[in-house]
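**Student:** Chains A and B supply the protein sequences, listed in that same order.
Residue numbering for the first sequence follows this note's numbering, beginning at 1 and increasing consecutively.
Residue numbering for the second sequence follows this note's numbering, beginning at 226 and increasing consecutively.
C-beta atoms are modelled at their ideal positions from N, C-alpha and C, and glycine is treated no differently.
Before I ask anything, let me first share the structure, which is written out below as structure tokens.
Protein chains: 2
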Amino acid sequence: MATETVENYLKAIYTLCRESPTGEAGMTRLAAIVGVTTGTATAMAKKLAKAKLARYQRFGGVSLTAKGTRAAVDIIRRHRLIETFLVQTLKLDWSIVHAEAERIEHAISPVVLEALDKLLGRPDVDPHGDPIPDSDGRLRDPRGEPLSDCGAGDSVRIARITDQEERFLLFAARHGLRPGAHVTVLAVDAAAESITVQADAGPVTLALAAARKIMAEDAAEGRRR
Amino acid sequence: MATETVENYLKAIYTLCRESPTGEAGMTRLAAIVGVTTGTATAMAKKLAKAKLARYQRFGGVSLTAKGTRAAVDIIRRHRLIETFLVQTLKLDWSIVHAEAERIEHAISPVVLEALDKLLGRPDVDPHGDPIPDSDGRLRDPRGEPLSDCGAGDSVRIARITDQEERFLLFAARHGLRPGAHVTVLAVDAAAESITVQADAGPVTLALAAARKIMAEDAAEGRRR
DNA sequence: GTGTAATGTTTGACTACTCAAACTAATGGA
DNA sequence: TCCATTAGTTTGAGTAGTCAAACATTACAC
Ligand SMILES: [Mn+2]
Ligand SMILES: [Mn+2]
Ligand SMILES: [Mn+2]
Ligand SMILES: [Mn+2]
């Protein structure tokens, strides 16, 4: 098995490559996610390349090989199932489970993972609405469009929250902005760069920048993307 | 928090000191438990002493300070609660949970631990019958006398199994020799060094050496030591 | 096109943990 | 009491991961 450190890098590279237009992860952002200096990230990128988990080119970024991708998706599966367990079974608040899962994900064997998945009823999304990869390494594309792109009058269902920060999640939960909730857009103020939505807990106004971290989908859409 | 390595040493030293007549842990046995060479154990003993977690004297063994003991008991609490969770909630076999808990114990925060304890109904023994320390670091003395010390006709209750080896635990479970089970000693054969007991699953004969790893108590005894 | 800012690389040094092997101390029969 | 066995220690070296800081490259705004 890869070391805990290596697992964290793989997951970070996976996420960065998904978001990047070039499909390559840069050292500065990689280092920031993992919490090291850029020099350290460069050293690790080379090491992962030597282990055939990643491709690395001087000044050209890192990206994962098939082997590396498989390993990364495995870790994401562990992470999201653990988060689901912490919320569903242990009743912990969704604002803290990300940090907890970040450590536990490295300590769980396939046997425990399978038992967890069974206990939870084979969930397909985690508490933040992110898809949980299946045991064969298949990961659906995440759902929804930014809430900030909605217009006044739109009635949508919240699909997922992309920010894992405790503060933002506490705010979202307090106003009923959770995956599965239905909200109606009351107003969009371009000058104020704000959006107001009607949720179960009442109306909320937030910056478009904040609304960008909330993904919404057509109110009707069920299980499929 | 102490590193995973340090936690493993603390737990090992704690156990060794409990068993040793002098109250000191020797390097050879310590190294064997942790899985390193004796030289490495010596180095770590010095390091723990410097961190005020242990007392160390050249050629005189290691033992834990109050601080070290507290840390060790905390880890034992995590270990045993996790084992209980794995058996009770995840339905894993008790023969494998020790190895699983050995890794997970280092990844669990106080918040998760408390939630686990609550979910499990504040258990006071783990699946092997070992007492679970409370959150203040109090640990009851383990119960029972070796089954090998019983005589023919004795009717006893199994309190705990001291061997965590998968093979032995599978054997014990197959014959109904689990904590809480009632058994009657049918015969003790000093020449053959064997003992035969009647359990729910039928009669079993085992070596006295094996019976020494099973602790029994008066059939009547309930919750208290 | 040029210069500056951003991004990436390299080096040397450090911590944590480990082993192999040469060595030293304690112990316990004969 | 002596000496072999067992137990413990020390040293030198290696791996994994990290940082600071000097340095190199690239991107892009003008
Ligand atoms: Mn992690
Ligand atoms: Mn999540
Ligand atoms: Mn452990
Ligand atoms: Mn146990």
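Buried or exposed: A/Lys11, going by 16 or more other Cβ atoms within 10 Å of its Cβ?
**Tutor:** By the 10 Å Cβ count, A/Lys11 comes out buried.
**Student:** Is B/Arg191 near ligand 3, judged by its Cβ being under 8 Å from some heavy atom?
**Tutor:** The structure shown does not extend to residue 191 of chain B, since chain B is modelled only from 226 through 450, so no value can be given for it.
**Student:** Give the DSSP-derived three-state secondary structure of B/Met269 in the structure shown.
**Tutor:** Of the three classes helix, strand and coil, the one that applies to B/Met269 here is helix, per DSSP.
**Student:** Against chain A, does B/Ser334 count as a neighbour if the rule is that its beta carbon must be under 9 Å from one of theirs?
**Tutor:** Closer than 9 Å to some Cβ of chain A, the Cβ of B/Ser334 qualifies, so yes.
**Student:** Beta-carbon within less than 7 Å of B/Ala432's beta-carbon, same chain only, minus the 5 sequence neighbours each way: which residues are those?
**Tutor:** Cβ neighbours of B/Ala432 beyond the five flanking positions: Glu418 and Ser419.
**Student:** From A/Val156, A/Ala190 and A/Tyr9, pick the residue whose C-alpha is nearest to that of A/Thr69; which is it?
**Tutor:** Nearest option by C-alpha distance: A/Tyr9.
**Student:** Rounded C-beta distance between B/Val381 and B/Ala444? I'm assuming under 8 Å.
**Tutor:** Contact flag correct, Cβ pair sits at about 6 Å.
**Student:** Please list, in chain order, all residues of the same chain as A/Val275 whose beta carbon is under 7 Å from its beta carbon, the five residues on each side excluded.
**Tutor:** Since the first residue shown for chain A is 1 and the last is 225, residue 275 of chain A is missing from the structure and cannot be characterised.
**Student:** What are the start and end residues of the alpha helix (DSSP H) that includes B/Ile329?
**Tutor:** First-last of the alpha helix (DSSP H) with B/Ile329: Val322 to Ile329.
**Student:** How is A/Leu1 classed by DSSP in three states: helix, strand or coil?
**Tutor:** Before going on, a small fix: residue 1 of chain A reads as Met here, not Leu. A/Met1: coil per DSSP, three-state reduction.
**Student:** Leaving out the 5 sequence neighbours to the left and right, which residues in its chain are closer than 8 Å to B/His400 when beta-carbon positions are compared?
**Tutor:** If we look at B/His400 and ignore the five residues flanking it on each side, its Cβ neighbours are Ala424, Ala426, Gly427 and Val429.
**Student:** Is the distance from the Cβ of A/Glu101 to the Cβ of A/Leu119 below 9 Å?
**Tutor:** Sequence check: residue 101 of chain A is Ala here, not Glu. Their beta carbons are not under 9 Å apart, which means A/Ala101 does not touch A/Leu119 by this criterion.
**Student:** Name the two residues that bound the continuous alpha helix (DSSP H) containing A/Ile33.
**Tutor:** First-last of the alpha helix (DSSP H) with A/Ile33: Met27 to Val34.
**Student:** Mind checking which residues open and close the alpha helix (DSSP H) that includes A/Glu114?
**Tutor:** First-last of the alpha helix (DSSP H) with A/Glu114: Pro110 to Leu119.
**Student:** Is the closest heavy atom of ligand 1 to the C-beta of A/His106 under 8 Å?
**Tutor:** Yes, since a heavy atom of ligand 1 falls inside the 8 Å radius drawn around the Cβ of A/His106.
**Student:** Following a CB-centred definition, is B/Glu308 positioned closer than 8 Å to any heavy atom of ligand 4?
**Tutor:** Yes, ligand 4 has a heavy atom inside 8 Å of this Cβ.
**Student:** Less than 9 Å between CB atoms is the rule here; does A/Leu86 satisfy it with respect to chain B?
**Tutor:** So yes, A/Leu86 belongs to the interface.
**Student:** For B/Glu339, I'd like the list of residues in its chain whose CB is within less than 8 Å of its CB, leaving aside the five on either flank, ordered along the chain.
**Tutor:** Once the five neighbours on either side are set aside, the close Cβ partners of B/Glu339 are Ser360.
**Student:** Grab me the residues of A/Ala2's own chain with a C-beta within less than 8 Å of its C-beta, minus the 5 sequence neighbours each way, in chain order.
**Tutor:** So the list reads Leu10, Leu53 and Ala71, once near-sequence residues are dropped.
**Student:** Between B/Ser245 and B/Glu390, what straight-line distance do the alpha-carbon atoms span, to the nearest angstrom?
**Tutor:** The alpha-carbon atoms of B/Ser245 and B/Glu390 are separated by roughly 21 Å.
**Student:** With 9 Å set as the bound, which would you pick, yes or no: does the beta-carbon of A/Val112 sit closer than that to a beta-carbon of chain B?
**Tutor:** Chain B contact via Cβ: present.
**Student:** Using 8 Å as the Cβ pair cut-off and three pairs as the minimum, do the segment 38-52 of chain A and the segment 88-98 of chain A touch?
**Tutor:** No contact exists between the segment 38-52 of chain A and the segment 88-98 of chain A.
**Student:** Which bits of chain B does A/Thr89 rub up against, with CB to CB less than 8 Å?
**Tutor:** Correct list: Thr314 and Leu344.
**Student:** Taking the alpha helix (DSSP H) that B/Ile300 belongs to, which residues open and close that run?
**Tutor:** B/Ile300 -> alpha helix (DSSP H) spans Ala291 to Gln313.
**Student:** How close, in whole Å, do the beta carbons of B/Gly248 and B/Ser288 come, if the pair is a contact with beta carbons under 8 Å?
**Tutor:** About 6 Å; that satisfies the 8 Å criterion.
**Student:** Within the same chain, show all residues whose beta-carbon is closer than 7 Å to that of B/Cys242, passing over the 5 residues directly before and after it, in chain order.
**Tutor:** Excluding positions up to five away in sequence, the list reads Gly248, Glu249, Ala250, Ser288 and Leu289.
**Student:** Mind listing the chain B neighbours of A/Glu100? Cutoff is C-beta to C-beta under 9 Å, in chain order.
**Tutor:** Those are Ala332, Ile333, Ser334, Val336 and Val337, listed as they occur along chain B.
**Student:** State the start and end residues of the unbroken alpha helix (DSSP H) segment that holds B/Glu391.
**Tutor:** Segment Glu391 to Arg399, the alpha helix (DSSP H) holding B/Glu391.
**Student:** Note the first and the last residue of the continuous alpha helix (DSSP H) segment covering B/Ala436.
**Tutor:** Note, B/Ala436: alpha helix (DSSP H), Leu433 to Ala436.
**Student:** Indicate the three-state DSSP secondary structure (helix, strand or coil) for B/Ala384 in the structure shown.
**Tutor:** Looking at B/Ala384 - three-state DSSP - the assignment turns out to be strand.
**Student:** For the beta strand (DSSP E) that contains A/Thr227, what are its first and last residues?
**Tutor:** As displayed, chain A neither begins before 1 nor continues past 225, which places residue 227 of chain A out of reach and without an answer.
**Student:** Out of curiosity, what's the CA-to-CA distance linking B/Thr409 and B/Val422?
**Tutor:** B/Thr409 and B/Val422: Cα-Cα distance of roughly 5 Å.
**Student:** Skipping 5 residues on each side, what residues in its chain have a beta carbon closer than 7 Å to that of A/Glu4?
**Tutor:** If we look at A/Glu4 and ignore the five residues flanking it on each side, its Cβ neighbours are His106.
**Student:** State yes or no: is the C-beta of A/Glu7 nearer than 8 Å to some heavy atom of ligand 1?
**Tutor:** Yes, the Cβ of A/Glu7 comes within 8 Å of a heavy atom of ligand 1.
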